[in-house]
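If you use the working numbering, the sequence shown closes out at 205, no skipped numbers anywhere.
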Amino acid sequence: MDVNSRNENDLSVLEDQLREIYGRLVYTHKTHEKAADLTLKKWDRVKIWQIVISTAVTSSLVAALFGDAMYATVTSAILSAISLGINLFLKNYDLGKHAQQYSDSANKLWVIREKYLSLLTDIRIGTPDITEIQRKRNELQDELSQIYESAPRTNKKAYDQASQALKELEELTFSDDEIDKFLPRQIRKTNIKN
12 MDVNSRNEND
22 LSVLEDQLRE
32 IYGRLVYTHK
42 THEKAADLTL
52 KKWDRVKIWQ
62 IVISTAVTSS
72 LVAALFGDAM
82 YATVTSAILS
92 AISLGINLFL
102 KNYDLGKHAQ
112 QYSDSANKLW
122 VIREKYLSLL
132 TDIRIGTPDI
142 TEIQRKRNEL
152 QDELSQIYES
162 APRTNKKAYD
172 QASQALKELE
182 ELTFSDDEID
192 KFLPRQIRKT
202 NIKN
């Protein structure tokens, strides 16, 4: 086997590895985005319940002043206990902060994802040599490892939503026409008006 064919084969193997990592990274990034969305929705629901229960407690106390004191007092006590439980939960588990951690991780993963995409593009246009590609790959793996160490764990529901978004809703897929609408005329692939 001559040096050129070996180098092309090595480059092909390296490109396959980078494509695999890129694919996993696309899913991980989207899963963290979906986890942030799910956590924010949960936080919103908890906040709404806090407001509803607080309003009910206040209404029960007002009713105790002007009506059936025993019934209103018992209702108020039960609702106050529920409110206390929700507040204790929120004291120990800050959903807003947790959602922000998912969002921060997704943002960091997006940067690495784009670097992998650029590296794959460089391979296709023949820019870097194989040693340079390996060096960049190793740097990216180190950066990615640091992000994974601090990233919060996601769950199956977030993964399932990410999978649906990527496969069925094609959230990360664009046609040439869609991309061209965002580009200056000089670098568009197709001739579109606007």
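Yeah, the Cβ is synthetic: ideal placement off N, Cα and C, and Gly gets one too.
As the structure is a prediction and not an experimental result, all values here were calculated from the model.
- A contact between stretches requires three or more CB pairs, one per stretch, nearer than 8 Å, and the region 20-34 fails this requirement with the region 47-65.
- Taking a cut-off of 8 Å on C-beta distances, the region 166-174 touches the region 37-47, as three or more cross pairs fall below it.
- DSSP places residue 162 outside both helix and strand once states are collapsed to three, so it counts as coil.
- Pairing residue 189 with residue 86, the inter-Cα distance amounts to about 57 Å.
- Pairing residue 78 with residue 66, the inter-Cα distance amounts to about 17 Å.
- Within the same chain, Cβ atoms closer than 7 Å to the Cβ of residue 158 are found at 116, 119, 120, 123, the five residues on either side in sequence being excluded.
- One alpha carbon belongs to residue 38, the other to residue 160, and they sit about 17 Å apart.
- Secondary structure of residue 106 (DSSP, three-state): helix.
- By the Cβ rule, the region 69-84 does not count as touching the region 125-142, because fewer than three pairs are nearer than 8 Å.
- Here residue 109 has 50 as same chain residues with Cβ atoms under 6 Å from its own Cβ, once five neighbours each way along the sequence are excluded.
- Residue 29 is classed as buried because its beta carbon has at least 16 other beta carbons within 10 Å across all chains shown.
- A check of alpha carbon separations from residue 178 across 42, 75, 20 identifies 42 as the nearest.
- Per DSSP, the continuous alpha helix (DSSP H) segment holding residue 189 begins and ends at 187-191.
- One alpha carbon belongs to residue 76, the other to residue 103, and they sit about 35 Å apart.
- In the DSSP assignment, residue 140 falls outside any alpha helix (DSSP H), carrying neither H nor E.
- Nearest in C-alpha terms to residue 20, of all of 168, 200, 141, is 141.
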